[in-house]
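Single-structure report; data block below.
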Amino acid sequence: MNFGAVWPEIVVSGVGTLLVALDPFVSAARQRWFGYVCLAGLLLAGLLTLGEPVGGGSVLGGMVTLDGFSMLFRLIFLAAAALVVLLSLDFILQRGKDLGEFLSLLCFATTGAMVMAISRDVVSLYVGLELLSISSYVLAAFLRDESGSHEAGLKYLLNGALASAILLFGLSLTYGLTGQTSIPALTHGLASALHTGYAPVVWLAVGMVLAALAFKIAAAPFHLWAPDAYEGAPTPVTGYLMVVAETAGFVALLRIVDTGMGPLAAHWGPWLAGLAIFTMTVGNVTALWQRNIKRMLAYSSIAQVGYVLVGLAVATPGGVSAAIFYLVAYLFTTLGAFAVIAALSVRDPGDAITDYAGLGRRSPALAVVLTVCLASYVGIPATAGFMGKLALIGAAVHGGMAWLAVGIAVNSAISIGYYWTVARTMWVDPAPADGGAVAVSPAGATSVALTLVGVVFLGILPQAFFWLSHWAGAGILR
Amino acid sequence: MSEYQAVALYLGVAAVVVFAVTAGIGRIRAARQTGASRMPYECGITGAEGAAPRFPVRFYLVAMLFVILDVEAIAFYPWGVRLRALGARGLEDMAVFAVVLAIGYAYVWKKGGLDWR
Amino acid sequence: MLAWAPLVPALPLAAYVLHLIFGRRAGERTALFGIVALALSTLLSLAILVQVAHGAAIDRSVPWLRIGGLQVRMGFAVGPLEAVMLAMVSFISCFIEVYSMGYMHGDRRYNRFFSNVTLFVAAMLTAVIANNLLLFFAAWEVMGLCSYLLIGHWFEDPANCRAATKAFMVTRIGDVGLLLGIWWAFSLTHTFSFAALPGALGAMHLPAATLDAIALLIFLGAVGKSAQVPLQIWLPDAMAGPTPISALIHAATMVAAGVFLVARTYGIFLLAPAALHWVGIVGGISAFIPATIACVQTDIKKVLAYSTISQLGYMMLAMGVGAFEAGIFHLLTHAFFKALLFLAAGSVIHAAGTQNMHEMGGLWRKLRTTGATFVVGTLALAAIPPFSGFWSKDAILRAAWASPDRALYWLGTIAAGLTAYYMTRAVVLTFFGRPRDAHVQEHAHESPAVMLVPLVVLSVPAALLGWVVDRPLRQLLTPHAPAAAAAGVYGFLPLLLSLAGVAVGLALYLGPLARREALLRSPLVRPVYGLCKRLWFFDDLGAVVMYAVGLGPSYVIGAFDRYVVDGVVNGIGWLAMAFGRLWRKLSTGNVQAYMLTMVVALAIGLVALQAMGG
């Protein structure tokens, strides 16, 4: 057996293990350098990923494939993890928590996501998903003295366990139908099962897998856990869950549904389309009423998930690449917003939108970045979100689902309402009397700057990433 | 479709039984509740306390740690059975597994997870 | 060298970033970022101009975006027109920033001022070298934003905020037209490129009405930005900004962007002769009406503002009668002498502490340098030979005479006389005669050298440029054009009227006050005076139109919005809440409820899948 293909995963989980081993022997106040160790490990893993030969073939007994899709998503997860490390250093240290524990959990979760990205077998994919999920449950409950965090972890765990069970049930049905766990092999097995009288079981399996993955990406009506978990979890973790956990859910959807269940696209396509519209509408409409910025962004992320689902629902190469592009845009936008929120909440724990009053005066730089991120969420030109929506709308129109494009447009218009509230609060409302300038650490500033560069770069020169997402999505559809 | 009808019938029967048991149990039990009938069933022995006693949360922690390490240790068993067949490569793999497990154990120990204070 | 052209806008853009990062710490040294960058840009653009004069040109682009089968390219192009504009804009802006160092000294938002000016210039230069309408439009919008910020620089006074908003909103009307025009042209040809658009449109054999409509929509953008009738109402109010801004944006560069747009898309206009004729008509009217209004203004900056509209009208008129190179020529000379006039007026205001000319008078003794440069600017604007304005205006009116629509010639010629009159009036009221306000006279003092040097520097091209570049520029822009037709006596008429205007101005305003008052009482003059004083009712009309076209429907739309759209939105919200309540009944915020919902949804989904799929 050749482990060469999974060296990046080995490195990341190795860093996690190393930090667990070191953590008890270094006092919490002196753990800042753990962060740099972790960053170095993520960087090394990234370099190893880039150094790997890209071939569509399978390795490790067919469990793993190294195609463009797995390469791109590994890098996406590594980049997101590195950004979260940067924005969480001060947040965790300021609260006197063990950074080592936090970072090791982050590494394990990232390993899980990466395993999902490279899997071409439902078993390894499921193992990756569980590694990611279980680490995420603990991360959500990381500030265990705070009732919100506690509650977030527990709710995430209970709902997540149910979803995992349903996924496993669905996958075991597909195994029963086809005798296969390899995703490409499912393609033929399911198609033939459909015509040999097992159609009801096929639908049962498809429905269960869809529903369980809809849970993982927090698509309505399987999203109910998300606002509670995202609001209560520590701010950097919320950013991580929104980006990595949801993107990993999409990875699984793209692999299992678009590839493994690809021949059934005519059947599940309308369901995903309905899910997309319902999700974006519920997310946006509910976000309108929120007063807490993390809860608002939680609903906003639900709406974004709805947009990405459009790309999956049309199930054309253009749709898949648009979805991948949007996920990258969403990564930078969300982590940008959370970099700002985390930088602000290093000392100030207030997450109410009214706490952002006068931020434009207290810290113009942070306010500008947050404003740009909100603009990107809305889809204002020269931001990543605009290009993403452009691609999705284009894909929907070309894919013959123009009504989805209309749905995106209408929902974007609705969403201006709540994003605008935040922008207005920052720039127009007066700062509270006790609100001085906001100090931002170098690590925090780096994360803010990097995400801003990402959002603006994707908004102005998107071509390279359009090409990358097209390349990555090319092998997905069968 | 006939095999699915059987499944449907089975589901129906299961549902009826569950409903019948949960709804019927209240109707057929003794009307009067005495001290003994409130106690949890303990194989005929008179219970020492009620069904929801308070006990230290540390018990959970230690019990859980025991279970985790116990289950991990089971992984040694199949390896031990096939020791010769797996050869040096198997030994390497098990060494990695044992080291990781040891790190976890050291972590728990150092963090005070095993202290019964 | 030409390949480095993008550096011309990139340098001020980099300076803008430096302003943002170090501005607050640098204090008033912050001005140097912009000035050094613009000085380098000026040198570079002069070098480019020399190369272009020798026949070089460049048009480069890279693929920027590919969606479906559409490819959008981004890039820059430098030809004769662009090279001239680059040199002019960077040169003038550089000196205006130098001047501002003195004028804005001690301002509370010194850094903000300089950063916005630098960004503005970067945007203007970007618009000039853009080789496609998309980049041009982006830069155009940034200019609009900077203009808004700079007009409202002293936002403590609500009047300034209103002026800034008015400028923004009125130009926005034009921008909407421009955007529609751009999209229309793009949807037909699938290109934004300046170079490719006219050919592509021409090759499609479109109906004349379509081409006219596209050209007029683009022209609408130019009308807004260049303050042409009827969208001119924002420019006089924009004088609320600091005077260097009036010089830079509202005289020399931004308003010129509208004319530049017409010049840059001239190929499209040539395809649509009817639209081109309308350009000329709007230009002629805009040259004439504001000139009459300028005759009765008492605020020195307002006089210059109306004269700017009038001069921009001349440029549009030139475009409309096919004298493309004459329009650009006038754009160039006007940029120099109008920047000079505004800066000199700024120096006067700086000295006198008032903008009302009736409170000035006799300032010549105190402000020799300022006065002399102001007079140079006046002579240039009044088109007295050999000052620069004469050459360009003469070229325009000759072309207008040669065109089929001679009414344009007459509008321009009469306006030339009015121009000479109101500028003479302004000079006499400001600098000569008896001091009318003792306090102003006492307070007055010559400005510091940092303000005077730009004045002196700018007065050289204001005086000489027309004579020097007349031929070379025509050679450069339209090498193969036939020589302008001789206009006989009508070629000299504008000059005669200009001289007459100067004479009348001198006679009226050097003479006793009583004579002027008697004249005002005469039944012939009074209604005209009233009309001009009332700005030909344009602002009133604007208000009425705003109410009728803007606010009227906005009530209807508002009602629609409130009752129908909000109804739908609220309805959806209510539905979501109702669903929420349904779930809540199963006990909300509660994990069991979430899981139950999930399982119920799954069950419904599975049943539906079975029903539909099986």
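Protein chains in written order, with this note's numbering: chain U, 1 to 478; chain W, 1001 to 1117; chain E, 2001 to 2614. Ideal Cβ placement from N, Cα and C applies to all residues, glycine included. Treat the numbers as computed from the prediction; the structure is a model and nothing was measured.
Less than 7 Å between CB atoms is the rule here; does U:PRO8 satisfy it with respect to chain W? no
Take E:ALA2056 and list the residues in its own chain whose beta-carbon comes closer than 7 Å to its own, dropping the five residues that flank it on each side. LEU2002
Could you tell me whether the Cβ atoms of E:GLY2152 and E:ALA2164 are closer together than 7 Å? yes
Rounded to a whole number of angstroms, what is the C-alpha to C-alpha distance between E:PRO2523 and E:LEU2499? 26 Å
Let me check one thing: in DSSP terms, what residues is U:GLY55 bridge-paired to? U:LEU66
Exposed unless 16 or more other CB atoms sit within 10 angstroms - verdict on U:GLU101: buried
What do you reckon, are the CB atoms on U:ILE460 and U:ALA337 nearer than 7 Å? no
Beta-ladder partner(s) of E:ALA2326, from DSSP: Answer is none; E:ALA2326 lacks a bridge partner.
In this structure, what does DSSP give as the bridge partners for U:ALA352? U:ASN292
With a Cβ-Cβ cutoff of 7 Å, do E:VAL2303 and E:ALA2291 count as a contact? no
Taking contact to mean at least 3 C-beta pairs separated by less than 8 Å, is the segment 2019-2028 of chain E in contact with the segment 1103-1112 of chain W? no
Identify whether E:MET2074 lies in helix, strand or coil by the three-state DSSP scheme. strand
Could you tell me whether any Cβ in chain U is nearer than 7 Å to the Cβ of E:GLN2610? yes
DSSP state of U:LEU224, grouped into three classes? coil
Using 8 Å for Cβ pairs, my map puts E:GLY2389 next to E:ALA2383. What's the rounded Cβ distance? 5 Å
Assign U:SER119 to one of three DSSP states: helix, strand, or coil. strand
Taking the alpha helix (DSSP H) that E:TRP2364 belongs to, which residues open and close that run? That residue, E:TRP2364, is in no alpha helix (DSSP H); it is neither H nor E in DSSP.
Using a Cβ cut-off of 7 Å (strictly closer), state whether W:VAL1062 contacts chain U. no
Can you name the residues that DSSP bridges to E:ASN2132? E:SER2193
CA-to-CA distance, E:THR2243 to E:VAL2375, given in whole angstroms: 18 Å
What residues from chain W crowd round U:ALA21, counting only those whose CB sits closer than 8 Å? ILE1103, ALA1106, TYR1107
Go ahead and label U:ASP228 buried or exposed: buried means 16 or more other beta carbons lie within 10 angstroms of its beta carbon, across all protein chains shown. buried
Looking at E:LEU2408: is its Cβ nearer than 7 Å to the Cβ of E:ALA2400? yes
Three-pair Cβ contact test at 8 Å for the segment 2035-2051 of chain E versus the segment 2143-2162 of chain E: no
For U:THR354, count the other beta carbons within 10 Å of its own beta carbon; 16 or more makes it buried, fewer makes it exposed. Which is it? exposed
DSSP three-state assignment for E:ASP2175, whether helix, strand or coil: helix
Do you know offhand how far U:ALA81's Cα is from U:LEU42's? 8 Å
Since U:SER182 sits in a beta bridge, which residues does DSSP pair it with? U:ASP121
Taking Cβ-Cβ distances shorter than 9 Å, what residues in chain U pair up with E:TRP2064? ILE460, LEU461, PRO462, GLN463
Apply the 10 Å Cβ neighbour rule to E:ARG2073 and answer buried if 16 or more other Cβ atoms are within range, or exposed otherwise. buried
Can you give me the C-alpha to C-alpha distance between E:TRP2583 and E:ALA2593, rounded to a whole angstrom? Residue placement at E:TRP2583 is poorly supported in this model, since its pLDDT is 44, which falls under 50; the coordinates are not used for a value here.
Among E:ALA2335, E:PHE2337, E:TYR2314, the one whose alpha carbon lies nearest that of E:PRO2327: Strictly speaking, residue 2327 of chain E in this sequence is Gly, with Pro absent from that position. Of the candidates E:ALA2335, E:PHE2337, E:TYR2314, the one whose C-alpha sits nearest the C-alpha of E:GLY2327 is E:TYR2314.
Sequence ranges, beta strand (DSSP E) only - wholly within the segment 2079-2163 of chain E, length at least 3: none
With distances taken Cα to Cα, identify the nearest neighbour of E:ASN2116 among E:VAL2017, E:ALA2203, E:MET2169. E:VAL2017
Counting only C-beta atoms, is U:THR17 closer than 7 Å to chain W at any point? yes
What number of angstroms, rounded off, separates the C-alpha of E:LEU2586 from the C-alpha of U:SER182? Residue confidence for E:LEU2586 is low, a pLDDT of 41 falling below 50, so the modelled location carries little weight and cannot support an answer.
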